[in-house]
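Residue numbers (this note's numbering): 0 to 300.
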(Lines of atoms letter the chains of each structure in order from A and count residues from 1; the text may use other names and numbers.)
(Lines give C-alpha, C1' and ligand atoms only; values in the text may rest on other atoms or scores of the structure.)
Protein backbone atom coordinates (compact mmCIF):
# COMPACT_ATOMS: atom_id res chain seq x y z
CA UNK A 1 0.00 0.00 0.00
CA UNK A 2 1.33 3.42 -0.96
CA UNK A 3 2.27 5.60 1.99
CA UNK A 4 0.27 8.84 2.06
CA UNK A 5 2.65 11.58 3.15
CA UNK A 6 1.94 15.04 4.47
CA UNK A 7 3.56 16.52 1.37
CA UNK A 8 1.13 14.61 -0.87
CA UNK A 9 -1.85 15.87 1.14
CA UNK A 10 -0.50 19.43 1.00
CA UNK A 11 0.01 19.22 -2.77
CA UNK A 12 -3.51 17.89 -3.36
CA UNK A 13 -4.99 20.56 -1.10
CA UNK A 14 -3.22 23.30 -3.09
CA UNK A 15 -4.40 21.80 -6.38
CA UNK A 16 -8.05 21.44 -5.38
CA UNK A 17 -8.81 23.71 -2.43
CA UNK A 18 -10.41 20.75 -0.63
CA UNK A 19 -10.05 20.18 3.12
CA UNK A 20 -7.05 18.36 4.58
CA UNK A 21 -8.97 15.29 5.78
CA UNK A 22 -10.84 15.03 2.48
CA UNK A 23 -7.54 15.20 0.60
CA UNK A 24 -6.06 12.45 2.77
CA UNK A 25 -9.12 10.25 2.24
CA UNK A 26 -9.02 10.89 -1.53
CA UNK A 27 -5.37 9.85 -1.70
CA UNK A 28 -6.13 6.69 0.28
CA UNK A 29 -9.04 5.84 -2.04
CA UNK A 30 -6.85 6.47 -5.09
CA UNK A 31 -3.93 4.45 -3.76
CA UNK A 32 -1.69 7.52 -3.70
CA UNK A 33 -2.35 8.50 -7.33
CA UNK A 34 -2.60 12.31 -7.44
CA UNK A 35 -4.81 12.59 -10.55
CA UNK A 36 -7.05 9.79 -9.29
CA UNK A 37 -7.42 11.65 -6.00
CA UNK A 38 -8.37 14.84 -7.85
CA UNK A 39 -11.04 12.91 -9.75
CA UNK A 40 -12.35 11.35 -6.50
CA UNK A 41 -12.72 14.77 -4.91
CA UNK A 42 -14.46 16.17 -7.97
CA UNK A 43 -16.91 13.27 -8.06
CA UNK A 44 -17.75 13.97 -4.43
CA UNK A 45 -18.21 17.65 -5.21
CA UNK A 46 -15.29 18.58 -2.98
CA UNK A 47 -13.07 20.13 -5.65
CA UNK A 48 -13.71 22.58 -8.46
CA UNK A 49 -13.18 21.54 -12.07
CA UNK A 50 -11.14 24.64 -12.75
CA UNK A 51 -7.71 24.13 -14.29
CA UNK A 52 -4.94 24.88 -11.85
CA UNK A 53 -1.26 24.94 -12.57
CA UNK A 54 -0.44 24.81 -8.85
CA UNK A 55 1.19 27.44 -6.73
CA UNK A 56 4.69 26.74 -7.91
CA UNK A 57 6.82 29.55 -9.31
CA UNK A 58 10.21 30.30 -10.83
CA UNK A 59 11.81 33.59 -11.73
CA UNK A 60 13.37 34.93 -14.92
CA UNK A 61 11.79 36.26 -18.09
CA UNK A 62 9.71 35.31 -21.09
CA UNK A 63 11.10 36.95 -24.23
CA UNK A 64 9.38 37.54 -27.58
CA UNK A 65 10.93 38.47 -30.95
CA UNK A 66 9.54 39.11 -34.44
CA UNK A 67 10.88 38.96 -37.98
CA UNK A 68 8.44 39.33 -40.87
CA UNK A 69 5.95 36.48 -40.86
CA UNK A 70 7.58 34.72 -37.89
CA UNK A 71 7.59 35.20 -34.14
CA UNK A 72 9.52 33.38 -31.42
CA UNK A 73 9.16 33.11 -27.67
CA UNK A 74 11.56 31.73 -25.06
CA UNK A 75 11.44 31.23 -21.32
CA UNK A 76 14.71 31.67 -19.47
CA UNK A 77 14.62 30.92 -15.75
CA UNK A 78 16.70 32.28 -12.88
CA UNK A 79 16.52 31.92 -9.13
CA UNK A 80 15.33 35.39 -8.11
CA UNK A 81 13.24 38.21 -9.50
CA UNK A 82 16.24 40.50 -8.95
CA UNK A 83 18.02 38.82 -11.89
CA UNK A 84 15.09 39.57 -14.20
CA UNK A 85 15.97 43.26 -13.79
CA UNK A 86 19.64 42.71 -14.57
CA UNK A 87 20.65 44.35 -17.86
CA UNK A 88 22.96 41.48 -18.83
CA UNK A 89 20.23 38.90 -18.21
CA UNK A 90 17.68 40.92 -20.17
CA UNK A 91 20.13 41.27 -23.05
CA UNK A 92 20.69 37.52 -23.07
CA UNK A 93 16.95 36.78 -23.21
CA UNK A 94 16.46 39.30 -26.02
CA UNK A 95 19.33 37.83 -28.03
CA UNK A 96 18.21 34.24 -27.56
CA UNK A 97 14.63 35.15 -28.52
CA UNK A 98 15.84 36.62 -31.80
CA UNK A 99 18.12 33.65 -32.43
CA UNK A 100 15.19 31.25 -31.98
CA UNK A 101 13.58 32.78 -35.07
CA UNK A 102 16.15 31.01 -37.22
CA UNK A 103 17.03 28.03 -35.02
CA UNK A 104 13.49 26.87 -34.19
CA UNK A 105 11.85 25.25 -31.18
CA UNK A 106 14.51 22.67 -30.25
CA UNK A 107 16.01 23.87 -26.96
CA UNK A 108 19.14 21.78 -27.36
CA UNK A 109 19.69 23.12 -30.88
CA UNK A 110 19.31 26.63 -29.53
CA UNK A 111 21.87 25.97 -26.81
CA UNK A 112 24.29 24.60 -29.42
CA UNK A 113 23.87 27.59 -31.75
CA UNK A 114 26.61 30.23 -31.95
CA UNK A 115 25.82 33.17 -29.70
CA UNK A 116 25.72 36.31 -31.91
CA UNK A 117 28.87 38.43 -31.79
CA UNK A 118 31.00 35.67 -30.23
CA UNK A 119 32.84 32.51 -31.20
CA UNK A 120 31.10 30.36 -28.59
CA UNK A 121 27.70 28.74 -28.14
CA UNK A 122 24.56 29.97 -26.39
CA UNK A 123 25.16 27.36 -23.67
CA UNK A 124 28.66 28.69 -23.08
CA UNK A 125 27.38 32.26 -22.96
CA UNK A 126 24.80 31.17 -20.40
CA UNK A 127 27.50 29.49 -18.32
CA UNK A 128 29.47 32.73 -18.36
CA UNK A 129 26.36 34.69 -17.31
CA UNK A 130 25.73 32.26 -14.46
CA UNK A 131 29.30 32.74 -13.22
CA UNK A 132 29.00 36.52 -13.51
CA UNK A 133 25.60 36.96 -11.86
CA UNK A 134 25.97 34.14 -9.34
CA UNK A 135 22.63 32.44 -9.88
CA UNK A 136 21.63 29.26 -11.64
CA UNK A 137 19.81 29.84 -14.94
CA UNK A 138 18.33 27.72 -17.70
CA UNK A 139 16.65 28.00 -21.09
CA UNK A 140 13.46 26.10 -20.42
CA UNK A 141 11.32 26.17 -23.57
CA UNK A 142 10.89 27.75 -26.98
CA UNK A 143 7.93 28.36 -29.32
CA UNK A 144 8.07 29.61 -32.90
CA UNK A 145 5.11 30.44 -35.14
CA UNK A 146 5.01 31.28 -38.84
CA UNK A 147 2.24 32.34 -41.22
CA UNK A 148 2.00 32.29 -45.01
CA UNK A 149 -0.49 35.14 -45.39
CA UNK A 150 -1.51 37.02 -42.29
CA UNK A 151 0.12 37.97 -39.01
CA UNK A 152 2.43 36.37 -36.46
CA UNK A 153 1.26 38.40 -33.46
CA UNK A 154 2.25 38.49 -29.82
CA UNK A 155 1.35 39.89 -26.43
CA UNK A 156 3.56 40.23 -23.35
CA UNK A 157 1.93 40.75 -19.97
CA UNK A 158 3.75 42.45 -17.13
CA UNK A 159 6.44 43.70 -19.49
CA UNK A 160 9.61 45.09 -17.90
CA UNK A 161 10.49 46.43 -21.35
CA UNK A 162 9.20 45.71 -24.88
CA UNK A 163 9.22 41.99 -25.55
CA UNK A 164 10.21 40.92 -22.02
CA UNK A 165 7.78 40.00 -19.28
CA UNK A 166 6.17 37.36 -17.07
CA UNK A 167 3.56 35.99 -19.50
CA UNK A 168 4.01 35.72 -23.25
CA UNK A 169 1.55 34.69 -25.97
CA UNK A 170 2.09 34.03 -29.68
CA UNK A 171 -0.83 33.89 -32.10
CA UNK A 172 -0.66 32.79 -35.75
CA UNK A 173 -3.47 34.35 -37.80
CA UNK A 174 -3.90 33.44 -41.46
CA UNK A 175 -5.81 35.94 -43.61
CA UNK A 176 -5.55 39.24 -45.43
CA UNK A 177 -5.14 42.77 -44.07
CA UNK A 178 -1.91 42.10 -42.18
CA UNK A 179 -1.96 45.33 -40.15
CA UNK A 180 -5.52 44.70 -38.95
CA UNK A 181 -4.64 41.11 -38.10
CA UNK A 182 -1.64 42.21 -36.07
CA UNK A 183 -3.97 44.32 -33.94
CA UNK A 184 -6.47 41.47 -33.64
CA UNK A 185 -3.64 39.07 -32.84
CA UNK A 186 -2.51 41.24 -29.96
CA UNK A 187 -6.09 41.34 -28.63
CA UNK A 188 -6.24 37.56 -28.96
CA UNK A 189 -2.96 37.37 -27.06
CA UNK A 190 -4.46 39.37 -24.22
CA UNK A 191 -7.52 37.10 -24.27
CA UNK A 192 -5.38 33.93 -24.19
CA UNK A 193 -3.23 35.32 -21.39
CA UNK A 194 -6.39 35.81 -19.32
CA UNK A 195 -8.37 32.66 -20.18
CA UNK A 196 -5.67 30.00 -20.65
CA UNK A 197 -7.31 27.88 -23.37
CA UNK A 198 -5.94 24.40 -24.08
CA UNK A 199 -6.83 24.14 -27.77
CA UNK A 200 -8.02 26.16 -30.75
CA UNK A 201 -11.11 24.05 -31.52
CA UNK A 202 -13.04 21.22 -29.87
CA UNK A 203 -11.49 18.79 -32.37
CA UNK A 204 -8.05 19.72 -31.04
CA UNK A 205 -8.79 18.81 -27.41
CA UNK A 206 -7.06 15.67 -26.20
CA UNK A 207 -9.66 12.83 -26.48
CA UNK A 208 -8.38 11.34 -23.22
CA UNK A 209 -9.10 14.63 -21.43
CA UNK A 210 -12.63 14.73 -22.87
CA UNK A 211 -13.24 11.10 -21.84
CA UNK A 212 -12.02 11.87 -18.34
CA UNK A 213 -14.36 14.86 -18.00
CA UNK A 214 -17.27 12.87 -19.42
CA UNK A 215 -16.68 10.09 -16.88
CA UNK A 216 -16.56 12.56 -14.01
CA UNK A 217 -19.73 14.32 -15.16
CA UNK A 218 -21.50 10.95 -15.54
CA UNK A 219 -20.55 9.85 -12.03
CA UNK A 220 -21.66 13.20 -10.62
CA UNK A 221 -25.04 12.99 -12.33
CA UNK A 222 -25.52 9.36 -11.29
CA UNK A 223 -24.71 10.28 -7.70
CA UNK A 224 -27.59 12.77 -7.88
CA UNK A 225 -29.93 9.87 -8.62
CA UNK A 226 -30.89 11.01 -12.11
CA UNK A 227 -32.34 8.52 -14.66
CA UNK A 228 -30.10 7.47 -17.57
CA UNK A 229 -31.95 9.60 -20.14
CA UNK A 230 -31.48 12.70 -18.02
CA UNK A 231 -27.89 11.78 -17.21
CA UNK A 232 -27.03 11.68 -20.90
CA UNK A 233 -28.44 15.17 -21.49
CA UNK A 234 -26.75 16.54 -18.37
CA UNK A 235 -23.39 15.11 -19.39
CA UNK A 236 -23.61 16.53 -22.90
CA UNK A 237 -24.48 19.93 -21.47
CA UNK A 238 -21.54 19.82 -19.08
CA UNK A 239 -19.19 18.73 -21.86
CA UNK A 240 -20.29 21.76 -23.87
CA UNK A 241 -19.52 23.96 -20.86
CA UNK A 242 -16.13 22.25 -20.58
CA UNK A 243 -15.37 23.10 -24.22
CA UNK A 244 -16.48 26.69 -23.60
CA UNK A 245 -13.83 26.84 -20.89
CA UNK A 246 -10.85 25.18 -22.61
CA UNK A 247 -11.42 25.80 -26.34
CA UNK A 248 -10.29 29.18 -27.65
CA UNK A 249 -12.91 29.55 -30.39
CA UNK A 250 -15.70 28.55 -27.99
CA UNK A 251 -14.71 31.03 -25.29
CA UNK A 252 -16.44 34.35 -24.68
CA UNK A 253 -14.35 37.27 -25.98
CA UNK A 254 -13.00 39.00 -22.89
CA UNK A 255 -13.00 42.36 -24.64
CA UNK A 256 -16.80 42.57 -24.91
CA UNK A 257 -18.02 39.82 -22.57
CA UNK A 258 -20.64 38.47 -24.97
CA UNK A 259 -19.29 37.40 -28.40
CA UNK A 260 -17.64 34.08 -29.05
CA UNK A 261 -14.01 34.26 -30.12
CA UNK A 262 -14.93 32.30 -33.23
CA UNK A 263 -17.28 35.09 -34.33
CA UNK A 264 -14.63 37.77 -33.77
CA UNK A 265 -11.99 35.87 -35.75
CA UNK A 266 -14.29 34.92 -38.62
CA UNK A 267 -15.66 38.45 -38.95
CA UNK A 268 -12.08 39.57 -39.58
CA UNK A 269 -11.75 37.00 -42.36
CA UNK A 270 -9.05 35.21 -40.39
CA UNK A 271 -8.19 31.79 -39.02
CA UNK A 272 -6.18 30.97 -35.91
CA UNK A 273 -3.73 28.25 -36.94
CA UNK A 274 -1.69 28.11 -33.76
CA UNK A 275 -1.09 29.80 -30.43
CA UNK A 276 1.44 29.37 -27.62
CA UNK A 277 1.26 30.70 -24.06
CA UNK A 278 4.17 30.77 -21.61
CA UNK A 279 3.66 31.73 -17.98
CA UNK A 280 6.96 32.23 -16.20
CA UNK A 281 7.72 29.29 -13.92
CA UNK A 282 4.53 27.42 -14.76
CA UNK A 283 4.78 23.83 -13.60
CA UNK A 284 8.26 24.16 -12.11
CA UNK A 285 8.60 22.73 -8.64
CA UNK A 286 10.29 25.38 -6.56
CA UNK A 287 11.68 24.47 -3.19
CA UNK A 288 10.49 26.47 -0.23
CA UNK A 289 12.38 26.82 2.99
CA UNK A 290 10.86 27.21 6.44
CA UNK A 291 13.52 29.58 7.80
CA UNK A 292 11.95 29.71 11.25
CA UNK A 293 12.12 25.91 11.54
CA UNK A 294 15.65 25.92 10.11
CA UNK A 295 16.85 28.43 12.69
CA UNK A 296 15.12 26.56 15.49
CA UNK A 297 16.76 23.30 14.41
CA UNK A 298 20.17 24.94 14.25
CA UNK A 299 19.68 26.36 17.74
CA UNK A 300 18.61 22.97 19.06
CA UNK A 301 15.13 24.20 19.99
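Backbone N, C-alpha and C define an ideal beta-carbon position, used for all residues, glycine too. Computed from a prediction, not measured in an experiment: that's the story for all the values here.
Local Cβ density within 10 Å of residue i, reported as buried at 16 or more and exposed below that
i           : result
residue 159 : exposed
residue 229 : exposed
residue 62  : buried
residue 15  : buried
residue 234 : buried
residue 5   : exposed
residue 84  : exposed
residue 24  : buried
residue 260 : buried
residue 124 : buried
residue 308 : The chain is shown only over 0 to 300; residue 308 falls outside these bounds and no answer can be derived.
residue 190 : buried
residue 81  : exposed
residue 70  : buried
residue 282 : exposed
residue 170 : buried
residue 188 : buried
residue 256 : exposed
Start and end residues, beta strand (DSSP E) containing residue i
i           : result
residue 322 : Here the chain covers residues 0 to 300 and nothing more, so residue 322 does not appear.
residue 169 : 166 to 174
residue 26  : Careful: residue 26 lies outside any beta strand (DSSP E), inside the alpha helix (DSSP H) at 19 to 28.
residue 57  : Neither: residue 57 is in no beta strand (DSSP E) and is coded neither H nor E.
residue 73  : 69 to 77
Of the listed residues the options, nearest to residue i (C-alpha basis)
i           : options               : result
residue 76  : 135, 85 and 35        : 135
residue 109 : 116, 118, 122 and 117 : 122
residue 250 : 175, 145 and 196      : 196
residue 241 : 213, 275, 79 and 152  : 213
residue 308 : 78, 72 and 118        : The question about residue 308 has no answer here: the residues shown for the chain are numbered 0 through 300.
residue 96  : 120, 265 and 65       : 65
residue 246 : 200, 26, 255 and 5    : 200
residue 265 : 172, 38, 221 and 273  : 172
residue 116 : 148, 151 and 90       : 90
residue 142 : 187, 94 and 276       : 276
residue 183 : 153, 80, 2 and 20     : 153
residue 68  : 149, 133 and 10       : 149
residue 270 : 79, 20 and 151        : 151
residue 208 : 87, 161 and 38        : 38
residue 60  : 43, 30 and 92         : 92
residue 31  : 10, 43, 42 and 17     : 10
residue 274 : 118, 236, 194 and 217 : 194
residue 113 : 98, 104 and 126       : 98
residue 248 : 203, 211, 218 and 126 : 203
residue 165 : 258, 205, 74 and 178  : 74
As assigned by DSSP and simplified to three states, the class of residue i
i           : result
residue 265 : helix
residue 52  : Low confidence applies to residue 52: its pLDDT is 31, below 50, so where it sits in the model is not reliable, and the reading given next is rough at best. Residue 52: coil per DSSP, three-state reduction.
residue 62  : strand
residue 1   : coil
residue 92  : helix
residue 253 : coil
residue 47  : Confidence at residue 47 is low in this model, with a pLDDT of 49, below 50, so its placement is unreliable and the value that follows should be read with caution. Here residue 47 sits in coil by DSSP.
Residue interval of the alpha helix (DSSP H) (run including residue i)
i           : result
residue 247 : Careful: residue 247 lies outside any alpha helix (DSSP H) and carries neither H nor E.
residue 5   : 5 to 15
residue 82  : 80 to 83
Any chain B beta carbon closer than 7 Å to residue i
i           : result
residue 247 : Note that chain B does not occur in the displayed structure, where there is just one protein chain.
Going along the chain, which unbroken runs of the alpha helix (DSSP H) with 4 or more residues stay wholly within the stretch 100 to 178? 106 to 111 and 121 to 132
Identify every run of the alpha helix (DSSP H) within the stretch 191 to 244, keeping only runs that are complete inside it and at least 4 residues long; order them along the chain. 206 to 222
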